[in-house]
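Visitor: Just passing along the structure, written as structure tokens.
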Amino acid sequence: MKKVFAFSFLIFFIFTGILMAFDNPEDLYEKGNSSYENGDYEKAASFYEELVRTDKTSSEVFYNLGNSYFKLKKIGKAILNYERALRLAPRDKDTQLNLKLARTMAVDKINISERGFVLNALLFLYDRANINELSLICFFLYLAVILMLIFSIFFVAKRRFMFYTAASIGAIFFILLIFLFAKIKDENFTKTGVVVAEKSDARSGPKEDYLLQFTLHEGTKFSIIKDAQDWYEIELSKDLKGWIPKITVDII
Amino acid sequence: MKYIIIFLLFCSVAAVSYAEDMTISADVDRKEITLDEQTTLTITVSGKVSNIPQPYIPGLNGFTAYSSGRSQNVSIINGQISSSVTFTYILVPNNTGDYALGPFNINYKGKTYSADPVNIKVLPRDSQPSAPSQQPNGQPSDPGRVDQNIQPQQGKELFIEAYVDKLRAYVNEQITLNFAVYQAVNLFNNPLYNPPSTTGFWTEDMPPQKKYYKIIDGTRYLVTEIKTALFATGQGEFTIGSARLEATVEDVDKVSSRAPFGAFDQDPFSMFRIGKTVALTTEPIKVEILPLPEQNKPADFKGDVGDFDISLNVDKSTVEENQPVSLKIKIKGKGNIKTISSPVAPEIQDVKFYESGSSENISKDDYIVQGEKIFEKMIIPKKEGNIVLGPVEYTYFDPVLKDYVRKKLAPVIINVTKSKEEPAEKNTFAPEATKEEIQLLKRDIGYIKTFHTEFRPKNAFLYKNIIFLSINILSFFILIALYLYELYRSRLRTDIGYARSLRARNAASKRLKGARETINKNMTKEFYTEIYKAVIEYIADKLNIPHPSITKDSLEYKLKEAGLSEDNIDKVKTLFDDCDMARFASARFTKIDMERTYKQAEGIITNLERYI
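The listed protein sequences correspond, in order, to chains A and B. Numbering of the first sequence is given in my numbering, commencing with residue 272 and proceeding in unit increments. Numbering of the second sequence is given in my numbering, commencing with residue -15 and proceeding in unit increments.
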């Protein structure tokens, strides 16, 4: 009986998988949306997941996927996908609100240190632009500097003015360039994960035998320091480190 | 006579102490005085120095001293400086008895000089210490006054008295302090009046001064009365201090004492009257202040004593809700108006009270402090209906009845109607009006997005895009290229030698090309001219030498300077010799010769290009 069940399950997955493989992203998106509208969140999530598994994505897909998981009470996966959506569209109010709401439903309370007003103002662009937008802004500033310098070569009379303008734009350019590098490092090189299983035990080493240090619950976000086979060494704060099994978490 | 003796004494003392540097002496003009009189203390310091220090005056026990100035006298006799300073003090006795003032010391150059103490006898008021004067007969009568310490100084042209209308009073009950000046002589100046100290009392001046004439024992006095109302602030025994008056009066004593001598020492200027300063003080008055009886003391009694009446009025009896009504409570009567505090207004629901201040109006008719105090309140009814204000009650203590009196006012009814203007008005008066917070029943996530932006590959980051990166790098190279180009152009503009040397090769090639064409046409002369020009101009351009100034000799020198080898210089020289031969000696040169020369010229230019 069990076997039959498993078999039919497999058949079903392969079948749907084959079906989906031939769908283009737009169709998958539409199918997901209509399933969601009909209240079939499970199906909606699977469509969206399929879409995400292809190379093509957009922030809306992650957002809708987050919503589907939220409805399915899978807070960890919801938070994971909202975070992914925010990386693509950092200014999206819906995503921000939903993420906030999802976080309140997470079990672990992690103190996120509040930044002061000044720091918030300084990092205005950092918080509100994604990597590509920041790259473009940097690019235009860079072009402006280059153009100014070219003009300063040929318009001898205004050379001084042009040069100083170029220098000021250049200063802004360098600040934004630092932002850009920081953002690239944060999102593409430092791996951040979210607990998607109900709970995840953090041990002192990458094996079940090691001492259990603390337990994380669904939805908790952490950064990954090391990767060792089936385990990640994670860091919650300066003094909270541990090894957790890979299957319990997902990387943003 | 006395003065003469003193003077003689002084002189003798001065004579004895002449040998010393400094002398000091002290004296008074009268050694026996009564309490109302004063004496002048004179301290004289003299010496053969130009600046005399201030003497040390010990505490003048039993007297109040006033400095009356100093006079200095400096004389130079036979080159000898001597000066004397006189310090004058007016002493006013405080008590009777014998006093010894001094000794007075002066310190000069480490030496101490001292003057002997001065003895003064102070007699009671009624005794006549010195000059006799008219004797008034009998006591002055002043009915209606509490005769306690009032002893008009008989035989005086000027005396003062202070008395109160009652010696026992309740707390906060008015006591009238009377200060009267009796004068039968003219005063030279405005008298100086020091009011008595009234510690423990709330005082209220009661102008105007009352002036009238009164005959006491046949003498007509001008009486000036100054009244002050006193309200005791606590119970017990209080002392009203002594008042003091200082005045300059016509010195009758002197005039009368001179009379016996008649014409002998008749003052030819007798019309200039002589004045003397008189200081007068009154006895302190002890007053007993009774506490207010505890018996029957109402709870809301606030300490007002006197005789009061209370009234209340509102400016309108019908009002819209949230519109203000002004309420006035007036307390009118006799007593210490200033200390009256507001009667308690009863709390009424749906009504807001605002204190808007109080005003008082005090009059002192008949020398009794009276008047009214009005407390104003603003009432803002919040709901329609009738508001009942009151009954307002007010309690005070009547010292005449020796009991507490309670006045009660009938309640005032204000009819509040519904406001015609609705919420706006309400908000202005009720800023705390409750607004409903939006109740968050349960939170749900936002709905899914049905549209979507373009699907993009996950790793489609611009910074990984080759085209994007190459545009960035390319633009940088463009900048550098343009910069180098500009550097080159500016050198061409500014450095003629550089420009010429750059142009030299091209110009030479052009000339050689021209020469080449002449070979075929067999124009030997033209050919050699061109060759010559091509080479020499090339060298001139390269070395930045003006063409006309070039000669073969200078050329050789210049080429050597430029670091060209002998071998090459020889080649150039041979070429030029050939050219000269062809151009000027009209020697026969065949086509083959010309071809050879052409090659030589080309070789030279290529060679030179390498070295210069």
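By construction, the Cβ of each residue, glycine as well, lies at the ideal position given by its N, Cα and C atoms.
Would the stretch 473 to 492 of chain B count as touching the stretch 437 to 451 of chain B if we require 3 or more Cβ pairs under 8 Å?
Guide: With the cut-off at 8 Å, the stretch 473 to 492 of chain B and the stretch 437 to 451 of chain B do not touch.
Visitor: Helix, strand or coil: how does DSSP classify Gly355/B here?
Guide: The count along the second sequence starts at 1 and reaches residue 355/B at position 371. Reduced to three states, the DSSP call for Gly355/B is strand.
Visitor: Rounded to whole angstroms, what's the CA-CA distance from Thr325/A to Lys462/A? Just pull it up for me.
Guide: Walking along the first sequence from the start, residue 325/A turns up at place 54. Walking along the first sequence from the start, residue 462/A turns up at place 191. Looking at the two C-alpha atoms, the distance is approximately 21 Å.
Visitor: Quick one: does Thr217/B have its CB under 7 Å from some CB of chain A?
Guide: By one-based count along the second sequence, residue 217/B stands at place 233. No, because no Cβ of chain A sits closer than 7 Å to the Cβ of Thr217/B.
Visitor: Are the beta-carbon atoms of Tyr528/B and Arg484/B separated by less than 7 Å?
Guide: Along the second sequence, one-based indexing puts residue 528/B at 544. Along the second sequence, one-based indexing puts residue 484/B at 500. The question names Tyr, but residue 528/B in the sequence shown is Asn. Yes, the pair counts as a contact, with Cβ atoms nearer than the cut-off.
Visitor: Return the residues of the stretch 404 to 431 of chain A that lie within a Cβ-Cβ distance of less than 8 Å from chain B, sorted by chain order.
Guide: Cβ contacts with chain B come from Ser406, Leu407, Phe410, Tyr413, Leu414, Ile417, Leu420, Ile421, Ile424 and Phe425.
Visitor: Does Tyr481/A come out as helix, strand or coil in the three-state DSSP assignment?
Guide: Taking the first residue of the first sequence as 1, we reach residue 481/A at position 210. Coil.
Visitor: In chain order, what are the residue ranges of uninterrupted beta strand (DSSP E) at least 3 long that sit wholly in the stretch 489 to 519 of chain A?
Guide: You should have 492 to 499, 502 to 508 and 511 to 516.
Visitor: Report the rounded CA-to-CA distance for Lys454/A versus Tyr397/A, giving the unit in angstroms.
Guide: The residue labelled residue 454/A in the question sits at position 183 within the first sequence. The residue labelled residue 397/A in the question sits at position 126 within the first sequence. Roughly 8 Å between the two C-alpha positions.
Visitor: With a 10 Å radius around its C-beta and 16 neighbouring C-beta atoms as the bar for buried, classify Pro180/B as buried or exposed.
Guide: Here residue 180/B corresponds to residue number 196 of the second sequence, with the count starting at 1. The residue in question, Pro180/B, is buried, as its Cβ has 16 or more Cβ neighbours within 10 Å.
Visitor: Excluding the 5 residues flanking Gln584/B on each side, which residues of the same chain have their C-beta closer than 6 Å to its C-beta?
Guide: Here residue 584/B corresponds to residue number 600 of the second sequence, with the count starting at 1. Once the five neighbours on either side are set aside, the close Cβ partners of Gln584/B are Leu559.
Visitor: State the Cα-Cα distance for the pair Lys492/A and Ile518/A, rounded to the nearest angstrom.
Guide: What you label residue 492/A is simply residue 221 of the first sequence in a count that begins at 1. What you label residue 518/A is simply residue 247 of the first sequence in a count that begins at 1. For Lys492/A and Ile518/A, the distance between alpha carbons rounds to 15 Å.
Visitor: Can you check whether the CB of Thr28/B is closer than 7 Å to the CB of Ser59/B?
Guide: Reading the second sequence from its first residue, position 75 is the one you call residue 59/B. Reading the second sequence from its first residue, position 44 is the one you call residue 28/B. No.
Visitor: DSSP state of Glu409/B, grouped into three classes?
Guide: Here residue 409/B corresponds to residue number 425 of the second sequence, with the count starting at 1. Only weak support exists for where Glu409/B lies, its pLDDT of 43 falling under 50; the coordinates are left without a value.
Visitor: Rounded to whole angstroms, what's the CA-CA distance from Leu359/A to Tyr447/B? Just pull it up for me.
Guide: Taking the first residue of the first sequence as 1, we reach residue 359/A at position 88. Taking the first residue of the second sequence as 1, we reach residue 447/B at position 463. The alpha-carbon atoms of Leu359/A and Tyr447/B are separated by roughly 15 Å.
Visitor: Determine the contact status of Met565/B and Ile503/B, defining contact as a CB-CB distance below 7 Å.
Guide: In the second sequence, the residue the question calls residue 565/B occupies position 581. In the second sequence, the residue the question calls residue 503/B occupies position 519. Result no, Cβ atoms of Met565/B and Ile503/B do not sit closer than 7 Å.
Visitor: Which bits of chain B does Glu331/A rub up against, with CB to CB less than 9 Å?
Guide: As a first step, residue 331/A must be located in the first sequence, where it is residue number 60. By Cβ distance, chain B contributes Ile432, Lys433, Thr434, Phe435, His436 and Thr437.
Visitor: Can you list the residues of chain A that Lys557/B reaches, using a CB-CB cut of under 8 Å?
Guide: Locating residue 557/B in the second sequence gives position 573, where the first residue counts as 1. Near Lys557/B there are no residues of chain A at all, since even the closest Cβ is about 46 Å away, more than 8 Å.
Visitor: Roughly how many whole angstroms lie between the Cα atoms of Met507/B and Glu521/B?
Guide: As a position in the second sequence, residue 507/B is number 523, starting the count at 1. As a position in the second sequence, residue 521/B is number 537, starting the count at 1. Using only the alpha carbons, I get a separation of about 21 Å.
Visitor: State the CB to CB distance for the pair Phe381/B and Leu276/B, rounded to an integer number of angstroms; the pair is presumed to be in contact (CB under 8 Å).
Guide: Locating residue 381/B in the second sequence gives position 397, where the first residue counts as 1. Locating residue 276/B in the second sequence gives position 292, where the first residue counts as 1. With 8 Å as the limit, Phe381/B and Leu276/B qualify as a contact, their Cβ atoms being about 5 Å apart.
Visitor: Go ahead and pull the three-state DSSP assignment for Pro327/B.
Guide: Within the second sequence, numbered from 1, the residue matching residue 327/B stands at position 343. Three-state result, Pro327/B: coil.
Visitor: For Leu548/B versus Tyr595/B, is the C-beta distance shorter than 7 Å?
Guide: Taking the first residue of the second sequence as 1, we reach residue 548/B at position 564. Taking the first residue of the second sequence as 1, we reach residue 595/B at position 611. Against a cut-off of 7 Å, the Cβ pair of Tyr595/B and Leu548/B comes out as a contact.
Visitor: With Phe222/B as the anchor, note down where its beta strand (DSSP E) starts and where it stops.
Guide: Residue 222/B sits at position 238 when you count from the first residue of the second sequence. That run of the beta strand (DSSP E) goes Gly220 to Ile224.
Visitor: Alpha carbon to alpha carbon, how far is Phe413/B from Pro375/B?
Guide: Position 429 of the second sequence holds residue 413/B. Position 391 of the second sequence holds residue 375/B. Caution is warranted here: a pLDDT of 46 is assigned to Phe413/B, below 50, making its placement in the model unreliable, and the coordinate value is therefore given only provisionally. Spanning the two alpha carbons is a distance of roughly 27 Å.
Visitor: Beta-carbon separation of Val233/B and Val207/B under 7 Å?
Guide: Taking the second sequence and counting its residues from 1, one reaches residue 233/B at position 249. Taking the second sequence and counting its residues from 1, one reaches residue 207/B at position 223. No, Cβ-Cβ distance for Val233/B and Val207/B is not below 7 Å.
Visitor: Please report the residue range of the alpha helix (DSSP H) in which Gly337/A lies.
Guide: Here residue 337/A corresponds to residue number 66 of the first sequence, with the count starting at 1. Run containing Gly337/A: Ser330 to Lys342, per the alpha helix (DSSP H) assignment.
Visitor: For Leu142/B, which three-state DSSP category applies?
Guide: On the second sequence, position 158 is the one that residue 142/B refers to. Looking at Leu142/B - three-state DSSP - the assignment turns out to be strand.
Visitor: Using a cut-off of 8 Å between C-beta atoms, extract the partners of Tyr435/A located in chain B.
Guide: Position 164 of the first sequence holds residue 435/A. Going along chain B, no residue has its Cβ under 8 Å from Tyr435/A, so there is no contact; the nearest lies around 17 Å.
Visitor: Leu396/A touches chain B at which residues, Cβ-Cβ below 7 Å?
Guide: Along the first sequence, read from residue 1 onward, the residue named residue 396/A stands at position 125. Residues of chain B passing the Cβ test: none, with the nearest at roughly 16 Å.
Visitor: In terms of residues, what are the limits of the beta strand (DSSP E) holding Gly341/B?
Guide: In the second sequence, counting from the first residue as 1, residue 341/B sits at position 357. Note, Gly341/B: beta strand (DSSP E), Val335 to Ser347.
Visitor: Specify, as a first and last residue, the run of the alpha helix (DSSP H) that Pro296/A falls within.
Guide: For the purposes of this step, residue 296/A is taken as the residue at position 25 of the first sequence. Its alpha helix (DSSP H) spans residues Pro296 to Glu308.
Visitor: Using alpha carbons as the reference points, say which of Asp288/B, Pro365/B, Lys150/B and Asp293/B lies closest to Asn162/B.
Guide: For the purposes of this step, residue 162/B is identified with residue 178 of the second sequence, where counting begins at 1. Per the Cα distances, Lys150/B.
Visitor: Would you call Glu321/A buried or exposed, if buried means 16 or more other Cβ atoms sit within 10 Å of its Cβ?
Guide: For the purposes of this step, residue 321/A is taken as the residue at position 50 of the first sequence. Counting Cβ neighbours within 10 Å, Glu321/A comes out buried, since at least 16 surround it.
Visitor: Using DSSP bridges, identify the partner residues of Met507/B.
Guide: Counted from its first residue, the second sequence places residue 507/B at position 523. Answer by DSSP bridge pairing: none, since Met507/B is not bridged.
Visitor: Rounded to a whole number of angstroms, what is the C-alpha to C-alpha distance between Lys344/A and Lys442/B?
Guide: Indexing the first sequence from 1 puts residue 344/A at position 73. Indexing the second sequence from 1 puts residue 442/B at position 458. Lys344/A and Lys442/B: Cα-Cα distance of roughly 27 Å.
Visitor: Please name the residue in Ala164/B, Arg204/B and Asp291/B whose C-alpha comes closest to that of Arg228/B.
Guide: Position 244 of the second sequence, counted from the first residue, corresponds to residue 228/B. For the residues Ala164/B, Arg204/B and Asp291/B, the minimum Cα distance to Arg228/B belongs to Ala164/B.
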